[in-house]
DNA sequence: CAGCAGCGAGAACGATCGTTCTCGCATCTG
DNA sequence: CAGATGCGAGAACGATCGTTCTCGCTGCTG
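Protein chains in written order, with my numbering: chain A, 18 to 204; chain B, 18 to 204.
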């Protein structure tokens, strides 16, 4: 396999810097230094900073989807697959670099000005909700449950980031169990 | 009663602009124009932009606390007081100007760089959780429930902002009912 | 070897940032 | 009336932003 392309290096470096410190706080000069490329090369790979931001968000979307999907594939049964989401969150929250959901952060920072960022963030969250809805449907539970499980996951991400502790994942998981079992017993 | 002071005008204007468009996106010149004061006056009331940001967050914290508290006072019983939080959210989400939780947005935008913002945001969220914990305690339910109800509220705020719809409030309320009743039946 | 295309280093550009300074007018004090 | 004070308007400052341009080296092709 070939080593990563220049564009990938740029995206990975930008992702790390933007996530750590915020998008507007990281200038193109800093990105150039950290990625070890020339400014000329930066602008030959991407037309502008906006394009890098979009590429970073799209890469992050694939990573999240793949990560959640892999975690869900490890267990059997729809109920366990739903709960696997919170186990995935628990691992993520433990990472030193964890600083909340990159999409929520980008939305808070740029969502007021940049309609394209709004669109990407919204699509990311909708796709997660759709995936949950599929599994909830397999369970035979109402779609409302999928939305509620998503609320728990979103709340856990922001709470873990702000509180600086990962305990929200376990709390969300326990709440999810109650909601799932209640939905099943009502069906 | 006297009309609002210059400092209050500045804070209220800054709050609106920062919330609508993001903090870094709003410069001091724009704030001066919108508040109708001179730049000189801006810097005589506040030593720097950071101080305005902090003042805005602190005002927002009082507004949130007072608003939730007033809403909870309208109903009787601990269970209804807890659920009143989500009714408060539902009203808020319907406002045209709603763009998510200002603290979460500020955290996403500045939390990576500004430790003071981190502290204020964390304190705000902790104070909300403490208030929930008091009422949960009155109910005789375990403290875990308070954390879970907070997760639902946080998740509803970000989801409503990103999706651009207020339905998350009702979904969170329904989930809260299930969690509360489950906690009570187990006690 | 001559000529050319590609690219890195970094200067340069115009815009805008937060912040400070200058100037001139208005209002008060004696 | 003379002088001082306070403040608004806005120019000025240095820094930094995103972006483009220049220059000079490197390695290819004929």
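Glycine included, every Cβ here is placed at the ideal spot set by N, Cα and C. Computed from a prediction, not measured in an experiment: that's the story for all the values here.
TODO: Please list the partners that residue 161 (chain B) has in chain A, where partner means a Cβ-to-Cβ separation under 8 Å.
DONE: To locate residue 161 (chain B), count along the second chain from 1; it is residue 144. Under the 8 Å cutoff, chain A gives 188 and 191.
Task: For residue 130 (chain B), three-class secondary structure by DSSP - done: Taking the second chain and counting its residues from 1, the one referred to as residue 130 (chain B) is at position 113. Reduced to three states, the DSSP call for residue 130 (chain B) is coil.
Task: At least 3 beta-carbon pairs within less than 8 Å: the segment 161 to 174 of chain B vs the segment 160 to 176 of chain A - done: yes
TODO: Assign residue 160 (chain B) to one of two classes, buried (16 or more other C-beta atoms within 10 Å of its C-beta) or exposed (fewer than that).
DONE: Counting from 1 along the second chain, the entry for residue 160 (chain B) is found at position 143. Classification for residue 160 (chain B): exposed.
TODO: Using 10 angstroms around the beta-carbon of residue 163 (chain A), count the other beta-carbons present and answer buried if the total reaches 16, otherwise exposed.
DONE: On the first chain, residue 163 (chain A) is found 146 positions in, with the first residue counted as 1. Looking at its Cβ environment, which holds 16 or more other Cβ atoms inside 10 Å, residue 163 (chain A) is buried.
Task: C-alpha distance - residue 149 (chain A) paired with residue 190 (chain A), whole-angstrom precision - done: Taking the first residue of the first chain as position 1, residue 149 (chain A) is located at position 132. Taking the first residue of the first chain as position 1, residue 190 (chain A) is located at position 173. Near 14 Å, if we compare the C-alpha coordinates of residue 190 (chain A) and residue 149 (chain A).
Task: Close beta carbons around residue 48 (chain B), own chain, < 6 Å, minus the five adjacent residues each side - done: Within the second chain, the letter at position 31 stands for residue 48 (chain B). Counting only Cβ-Cβ distances below 6 Å, and skipping sequence neighbours, we find 31.
TODO: Measure the alpha-carbon distance for residue 196 (chain B) versus residue 185 (chain B) and round it to whole angstroms.
DONE: For this step, residue 196 (chain B) is matched to residue 179 along the second chain. For this step, residue 185 (chain B) is matched to residue 168 along the second chain. Each residue's Cα considered, the two are about 16 Å apart.
Task: Beta-carbon neighbours of residue 122 (chain A), restricted to chain B and to distances below 7 Å - done: Here residue 122 (chain A) corresponds to residue number 105 of the first chain, with the count starting at 1. 125, listed in chain order.
TODO: Keeping to the same chain, check which residues put their C-beta closer than 8 Å to that of residue 126 (chain B); ignore five residues upstream and five downstream.
DONE: Locating residue 126 (chain B) in the second chain gives position 109, where the first residue counts as 1. Cβ neighbours of residue 126 (chain B) beyond the five flanking positions: 39, 40 and 41.
Task: Whole-number beta carbon distance between residue 36 (chain B) and residue 116 (chain B), since they are thought to touch under 8 Å - done: Numbered from its first residue, the second chain carries residue 116 (chain B) at position 99. Numbered from its first residue, the second chain carries residue 36 (chain B) at position 19. About 6 Å; that satisfies the 8 Å criterion.
TODO: Leaving out five residues on either side along the sequence, give the residues of the same chain with a beta carbon under 6 Å from the beta carbon of residue 119 (chain A).
DONE: In the first chain, counting from the first residue as 1, residue 119 (chain A) sits at position 102. 36 and 77.
Open item on the list: Among the candidates B:177, B:202, B:136 and B:27, whose CA atom is the shortest distance from the CA of residue 103 (chain B)?
Closed with: Looking up residue 103 (chain B) in the second chain gives position 86. Minimum Cα distance to residue 103 (chain B) is reached at B:177.
Open item on the list: Using CA atoms only, rank isn't needed, just tell me which of A:179, A:56, A:66 and A:71 is closest to residue 137 (chain A).
Closed with: Position 120 of the first chain, counting from 1, holds the residue named residue 137 (chain A). Minimum Cα distance to residue 137 (chain A) is reached at A:71.
TODO: Thinking residue 156 (chain B) and residue 95 (chain B) are a contact (beta carbons under 8 Å), I'd like their distance in whole angstroms, please.
DONE: Taking the second chain and counting its residues from 1, the one referred to as residue 156 (chain B) is at position 139. Taking the second chain and counting its residues from 1, the one referred to as residue 95 (chain B) is at position 78. Indeed they touch by this definition, with Cβ atoms about 4 Å apart.
Open item on the list: Strictly under 9 Å for the Cβ-Cβ distance: is residue 3 (chain B) near chain A by that measure?
Closed with: Not covered by the structure: residue 3 (chain B). The range shown for chain B is 18 to 204.
Task: Under the three-state DSSP convention, the category residue 113 (chain B) falls into - done: For this step, residue 113 (chain B) is matched to residue 96 along the second chain. Coil, per DSSP.
- [ ] Spell out whether any CB of chain B is found under 9 Å from the CB atom of residue 80 (chain A).
- [x] Residue mapping note: residue 80 (chain A) aligns to position 63 of the first chain, counting from 1. Not an interface residue.
Task: residue 172 (chain A), enclosing alpha helix (DSSP H) - first and last residue - done: Within the first chain, numbered from 1, the residue matching residue 172 (chain A) stands at position 155. Start and end: 160 to 180.
Task: Proximity to residue 54 (chain B) [Cα-Cα], best of B:73, B:25 and B:67 - done: The residue given as residue 54 (chain B) occupies position 37 in the second chain. That would be B:25, whose Cα lies nearest to the Cα of residue 54 (chain B).
Task: residue 142 (chain B): contacting residues in chain A (beta-carbon distance under 9 Å) - done: Position 125 of the second chain holds residue 142 (chain B). Correct list: 175, 176, 179 and 180.
Task: Distance between beta carbons of residue 106 (chain A) and residue 174 (chain A), contact taken as under 8 Å - done: As a first step, residue 174 (chain A) is located in the first chain; it is residue number 157 there, counting from the start. As a first step, residue 106 (chain A) is located in the first chain; it is residue number 89 there, counting from the start. Indeed, because the Cβ distance is near 7 Å, the residues count as touching under 8 Å.
Task: residue 91 (chain A) in three-state terms, based on DSSP - done: Walking along the first chain from the start, residue 91 (chain A) turns up at place 74. Three-state result, residue 91 (chain A): coil.
TODO: Confirm, please, whether the CB-CB distance from residue 98 (chain B) to residue 179 (chain A) is below 9 Å.
DONE: Locating residue 179 (chain A) in the first chain gives position 162, counting from the first residue. Locating residue 98 (chain B) in the second chain gives position 81, counting from the first residue. No.
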